[in-house]
Every structure is written in structure tokens, then in C-alpha cells.
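Below: one structure, written as C-alpha cells.
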Amino acid sequence: KKAKGKNKKTILRVFGNSKASKQQIRLTVNVIRSLGVEEEVRNMTLKYAQRAEKSLRTYTGTAKDEMISLLASVISRRM
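Numbered by our numbering, the letters in the sequence shown go through residues 7 to 85 in order.
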């Protein structure tokens with residue numbers, strides 16, 4: 007939605023293209039970052055993680071604790 011013109015073409019050229027070069031991928035990542043998409047995704051990830059943790063809190067036992075720990079680990083790795 008945010009990408010227009012040349013930026014949109016750059017992104018579409020790489021997504022789904024298993025033969026994209028490292029340079030094309032780097033350029034695409036830079037375009038995505040410049041559009042603020044990366045930050046939006048991080049914020050959405052955090053929002054959904056908080057909802058998941060809230061849902062998990064209603065359960066009891068070690069499985070709950072392990073799931074919350076796993077969730078925290080995944081989020082910290084991605085942020």
C-alpha cells in the first residue's frame with residue numbers, strides 16, 4: 007500500500023523471486039525500511055504478542071510458562 011512507482015516495482019521484482027540477487031534483496035530491504043513498513047510490522051508483532059500472552063495467562067501449569075517464555079524469546083529475537 008505504501009510503495010509507489012519505482013519502489014513498488016523494486017519490491018515486486020524480489021518478492022516470490024527465488025533467483026533474486028543479494029543486491030536486489032538488499033535494495034528491497036532498504037526500500038521497505040525507508041517506507042516505515044519494518045517499524046509497523048514490529049509494532050503489530052508486539053501488539054499480537056501482548057494479546058497472546060494475555061490469553062495464555064488464563065491457563066495454569068508448566069506448559070503455560072513454557073509458552074510465555076517461548077513467546078518472549080521469539081519477540082526479543084525479532085526486535
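Using N, Cα and C, we set each Cβ at its ideal position, and we do this for glycine too.
If you're wondering where the values come from, they're calculated on a predicted model, not measured in any experiment.
Item	Value
Supposed close pair E44, I38 - CB separation, criterion 8 Å	6 Å
L18: first and last residue of the uninterrupted alpha helix (DSSP H) it sits in	G11 to V20
Neighbourhood of T34 by C-beta, 6 Å cutoff - its chain only, sequence neighbours within 5 removed	T16, I17 and V20
Beta carbon proximity, N36 to chain C, threshold 8 Å	Given the protein chain composition of this structure (a single chain), no chain C is represented.
L62 vs K8 beta-carbon contact at 8 Å	no
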